[in-house]
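Let me begin by presenting the structure, written as structure tokens, before commenting on it.
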Amino acid sequence: MAEGRELRRLLETGPFADALRAAIRARGLGLDRIRYRLRGRGCSISLATLSHWQSGRCRPERPESLLVLKNLEEILGVPPESLSRLLGPPRGRATRCTVPGEGLVMQRGRETGT
511 MAEGRELRRL LETGPFADAL RAAIRARGLG LDRIRYRLRG RGCSISLATL
561 SHWQSGRCRP ERPESLLVLK NLEEILGVPP ESLSRLLGPP RGRATRCTVP
611 GEGLVMQRGR ETGT
């Protein structure tokens with residue numbers, strides 16, 4: 511019961527990675543099984559990408575990834591758009607960097623023309 515309440519709370523408030531991880535845990539499916547089911551729906555995604563999404567290392571932003579996310583919501587049995595609405599607006603290119611400080615360096619480079 512507590513797990514269900516936590517999932518509902520995370521689907522309302524986020525963040526995306528925590529909500530996705532909770533939905534996967536509640537459904538009881540491994541990433542490999544989720545990937546298999548997505549493939550059955552014509553969605554191609556790597557295990558690494560699914561892992562990165564649930565760890566918060568990256569998030570779906572491209573149109574193809576958002577289609578995968580729509581199917582993932584169905585597979586996980588969560589309400590439509592409950593995960594996708596947690597994404598908010600697309601992030602800028604500099605904020606996609608995974609190396610600490612790299613985004614700032616890229617932004618400064620654009621400002622100074624270097």
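Residue numbering for the sequence shown follows the numbering used here, beginning at 511 and increasing consecutively. Note that beta-carbon positions come from the ideal geometry of N, C-alpha and C, so glycine has one too.
Task: Nearest candidate by alpha-carbon position, reference Leu586, set Arg515, Leu541, Glu522 and Gly524 - done: Nearest of Arg515, Leu541, Glu522 and Gly524 to Leu586, Cα basis: Leu541.
- [ ] If I'm right that Leu557 touches Leu582 with Cβ under 8 angstroms, what's the distance once you round it to whole angstroms?
- [x] About 13 angstroms; that fails the 8 angstroms criterion.
Open item on the list: So for Glu571, helix, strand or coil by DSSP?
Closed with: coil
Task: C-beta contact flag for Leu596 and Leu539 at 9 angstroms - done: The criterion of a C-beta distance shorter than 9 angstroms is not satisfied by Leu596 and Leu539.
Open item on the list: Tell me the DSSP secondary structure of Ile555 in three-state form.
Closed with: coil
Open item on the list: Which residue wins for smallest C-alpha separation from Gly598, given the options Gly514, Arg567, Gly524 and Arg519?
Closed with: Its Cα nearest to that of Gly598, the residue Gly524 stands out among Gly514, Arg567, Gly524 and Arg519.
Task: Ala533 burial status per 10 Å Cβ neighbour count (16 or more: buried) - done: buried
Task: CB of Cys553 within 9 angstroms of CB of Val588, strictly - done: no
- [ ] Might you give, ordered along the chain, the residues of its own chain that have their beta carbon closer than 7 angstroms to the beta carbon of Arg545, omitting 5 neighbours on each side?
- [x] Ile555, Leu557 and Leu560
Task: Euclidean distance between Cα positions of Leu530 and Ala536 - done: 10 angstroms
Open item on the list: Tell me the residue span of the alpha helix (DSSP H) that contains Gly524.
Closed with: Neither: Gly524 is in no alpha helix (DSSP H) and is coded neither H nor E.
Open item on the list: So for Glu513, helix, strand or coil by DSSP?
Closed with: Judged by DSSP in its simplified three-state form, Glu513 adopts helix.
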